[in-house]
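The structure appears below as structure tokens.
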Amino acid sequence: MNLIERIDHWAVVAPEAIAHISDGRTLTYWELRSRSNALACYLTQRFGDDRRPIAVLGHREPEMLVAFLGSVKSGRPYVPLDTALPQQRIDKILATSRAALVLTPKDILEFSALQVCSPAAAVRGDEPFYILFTSGSTGEPKGVIITLACLEHFIAWMLAEQRFTELGEVFLNQAPFSFDLSVMDLYCCLATAGSLFSISRDLLENPKKLYRALASSGVTTWVSTPSFAQMCLVEERFSEAMLPRVRRFLFCGETLAPQTAAQLLKRFPRAEVWNTYGPTEATVATTSIRIDAGIVERYSPLPVGRPMPGSEIFIVNGNREVLAANQRGEIIITGPNVSPGYLARPDLTANAFFQHAGHRAYRTGDFGRFRDDVLFFEGRMDEQIKVTGYRIELGDVEANLRALPTVRDAVVLPVTKKGAAQSLAAFVLLAERHETSDFNVAHKLRTQLGERLPAYMLPRKFVFLDAFPMTANGKVDRASLAKSL
Ligand code: AMP
């Protein structure tokens, strides 16, 4: 059975089991299979041999799951998009992906109610399963192609390592489906007939409601960014008493602080805490390690673990020579979980991907080293950063700022606290300035930028300059700008 068949077979074994709960709405495994089959048939009838991707635009509605499976069952990859994205960003993604169709929850309801049939031409092995767009340094989002084989390699590892109880888990879904962290909860859940419990924007904006929802969720497997758990820990009641069934916390996407792990271990004495590491380009995560009290005591920062079976990680220097243990260099990932590349961007693909011993390999741009046989993440080599788990290319924000009519040039830097980026600051040279306060100018730029970029990419602070400080070799002196923050 491949992953799609495995998900489908739960509709026979446990048709009434709940696959998804979101905003009080539920979807059973039977509904998931029959509706995704119907949608697949609709797509096949409408598009025939045209296998362009299907964009799915929503916000954690059960229909999104129907559309993901409906697309792949019709042999088309899907492009998950969250409604939090501004229209201009969505348009760029649609143009790059050449999506045949944009499906909203309303469309999905309509098209998945049309017929009962068995689709025949589902995505196979090396065919694209989903395409996930991430920040690109030139201001254009780039689409990472993930095949069914990539996803299956990742999920098989997760299932073997975590030994989820079939028909017994409730997975927390914190990340929007447009971020690859959600792939961890979504497909581990569907592969084991668990229930996916989505936290909607409404809950995120209202802590009281959030804790009430968590308390009644029955979550057994917590999947989130470390930032989200850190935020929850601020509430003292966030403990085993609130979530008595939690057995594991799975983290990925950004640095897990030892304090966060220590607090979780204390407040949830019966749960395990896992740190996993990896980029979207290698299907969610490639390494993992269980963080117990001994590890917290021994290491700061915490390790990110060992690679999954069948995949390898090595560290290289600037000449791309493999380094020995304890030496710091770039983290290279190789194995069946590595993406074939970026959609329609052979230039970017050639820069970041290569072949190694018969497998695809990816240059992560992350610094790291092996110590005591485990991998440690040691920061970025470039200007990609993470703010509360969101991946941002500073160049992306800069390019979009420069595209505004009143901006002549812009440099964007992270504002850091205890080594972690908290927000963004923009240093701006204006092309023209009408007599108005800095506050008003900043407000206007932020609003205009908000039409181009998602909210998490908007600088909180704006500094207006007449010229940038320069280094001796004539480049913008980013270090001295950073010092001024
Ligand atoms: P994304 O593609 O959004 O998953 O971002 C991938 C990047 O996030 C990696 O290249 C790292 O820079 C960072 N990252 C992922 N997992 C971890 C982790 N466990 N600890 C520290 N950084 C991480």
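Position 388 of the sequence shown, counting from 1, maps to 403 under our numbering, and the rest follow consecutively. Heads up, the beta-carbon is just placed ideally off N, CA and C, and yes, glycines get one too.
What residues are listed by DSSP as bridge partners for residue i?
{"i": "SER127", "result": "Paired residue(s): none; SER127 is not in a bridge."}
{"i": "TYR377", "result": "ILE348 and PHE368"}
{"i": "VAL443", "result": "ALA425 and PHE479"}
{"i": "ILE161", "result": "TYR145"}
{"i": "VAL94", "result": "ALA70"}
{"i": "THR41", "result": "ILE36"}
{"i": "GLY383", "result": "GLY344 and PHE392"}
{"i": "ILE108", "result": "DSSP output for ILE108 lists no bridge partner at all."}
{"i": "GLN463", "result": "In the DSSP output, where bridge partners are listed per residue, GLN463 has none listed."}
{"i": "PHE328", "result": "Checking the displayed sequence, the identity of residue 328 turns out to be Ile instead of Phe. In the DSSP output, where bridge partners are listed per residue, ILE328 has ILE348."}
{"i": "GLU408", "result": "GLN399"}
{"i": "LEU211", "result": "HIS35 and PHE186"}
{"i": "SER303", "result": "THR291 and ARG321"}
{"i": "VAL28", "result": "According to DSSP, which records beta bridges pairwise, VAL28 is partnered with nothing at all."}
{"i": "VAL87", "result": "None, per the DSSP bridge assignment."}
{"i": "THR431", "result": "ALA436"}
{"i": "VAL81", "result": "Paired residues: none, contrary to the question."}
Would DSSP call residue i helix, strand or coil?
{"i": "LEU118", "result": "strand"}
{"i": "HIS35", "result": "strand"}
{"i": "LEU72", "result": "strand"}
{"i": "ALA436", "result": "strand"}
{"i": "MET173", "result": "helix"}
{"i": "GLU218", "result": "It should be noted that the sequence gives Leu, not Glu, for residue 218. In the structure shown, LEU218 sits in a helix (DSSP, three-state: H, G or I)."}
{"i": "GLU167", "result": "helix"}
{"i": "SER152", "result": "coil"}
{"i": "ASN188", "result": "strand"}
{"i": "GLY5", "result": "Past the boundaries of the shown model lies residue 5; the chain is included only from 16 to 500, so the question cannot be answered."}
{"i": "PRO241", "result": "helix"}
{"i": "GLY233", "result": "coil"}
{"i": "PHE253", "result": "coil"}
{"i": "MET485", "result": "strand"}
{"i": "GLY320", "result": "strand"}
{"i": "SER133", "result": "coil"}
{"i": "THR403", "result": "coil"}
{"i": "SER197", "result": "helix"}
{"i": "PHE264", "result": "strand"}
{"i": "VAL311", "result": "helix"}
{"i": "VAL456", "result": "helix"}
{"i": "VAL337", "result": "strand"}
{"i": "VAL138", "result": "coil"}
Can you tell which of the options has the C-alpha that lies nearest to the C-alpha of residue i?
{"i": "HIS374", "options": "ALA365, GLY383, SER354 and PHE392", "result": "SER354"}
{"i": "ARG475", "options": "GLY344, GLN399, ARG461 and PHE483", "result": "ARG461"}
{"i": "ALA494", "options": "SER452, CYS165, VAL427 and CYS132", "result": "VAL427"}
{"i": "THR119", "options": "VAL87, GLU155 and GLU78", "result": "GLU78"}
{"i": "PHE442", "options": "GLY410, ARG467 and LYS432", "result": "GLY410"}
{"i": "ARG104", "options": "LEU464, ALA497, PRO241 and SER499", "result": "LEU464"}
{"i": "LEU445", "options": "GLY39, ASN290, LEU480 and PRO101", "result": "LEU480"}
{"i": "GLY85", "options": "CYS132, LEU54 and ALA425", "result": "LEU54"}
{"i": "LEU100", "options": "VAL131, PHE148 and PHE62", "result": "PHE148"}
{"i": "PHE186", "options": "PHE192, CYS203, TYR292 and THR153", "result": "CYS203"}
{"i": "ILE123", "options": "GLU251, SER49 and GLY183", "result": "SER49"}
{"i": "LEU47", "options": "ILE33, ASP38, GLY39 and THR59", "result": "ILE33"}
{"i": "ILE161", "options": "ASP38, VAL389, GLU296 and VAL311", "result": "GLU296"}
{"i": "GLY73", "options": "ALA137, VAL27, GLY63 and SER193", "result": "SER193"}
{"i": "ALA440", "options": "GLU447, ARG448 and THR431", "result": "THR431"}
{"i": "LYS157", "options": "GLY404, ALA367, ALA436 and ALA137", "result": "ALA367"}
{"i": "ARG262", "options": "THR153, ALA164 and PHE283", "result": "PHE283"}
{"i": "TYR471", "options": "GLY151, PHE385 and GLY404", "result": "GLY404"}
{"i": "ASN334", "options": "LEU473, SER326, SER210 and GLY344", "result": "GLY344"}
{"i": "GLY394", "options": "ALA436, GLN370, GLY356 and ALA359", "result": "ALA436"}
{"i": "THR236", "options": "MET173, PHE126 and ILE348", "result": "MET173"}
{"i": "ILE330", "options": "PRO294, PHE382, ARG360 and TYR357", "result": "PHE382"}
{"i": "PHE212", "options": "ASN221, ALA230 and LYS223", "result": "ALA230"}
{"i": "TYR2", "options": "ASP195, VAL81 and SER127", "result": "With the chain represented from 16 up to 500, any question about residue 2 goes unanswered, as that position is not in the structure."}
Item to check | Minimum length 3: unbroken beta strand (DSSP E) runs contained in the region 269-296 | outcome: 287-292
Checklist entry - Quick one: any contact between the region 414-421 and the region 395-405, if contact means 3 or more CB pairs under 8 Å? => result no
Checklist entry - How do the region 65-75 and the region 106-119 stand: do at least 3 beta-carbon pairs fall below 8 Å, yes or no? => result yes
Item to check | Stretch pair the region 296-305 + the region 182-202: three plus CB contacts closer than 8 Å | outcome: yes
Checklist entry - Does the region 93-100 come close enough to the region 17-26 to have 3 or more Cβ pairs within less than 8 Å? => result no
Item to check | Segment contact, 8 Å Cβ cut-off, at least three pairs: the region 308-326 with the region 264-277 | outcome: yes
Item to check | Three or more C-beta pairs below 8 Å linking the region 172-181 and the region 359-376 | outcome: no
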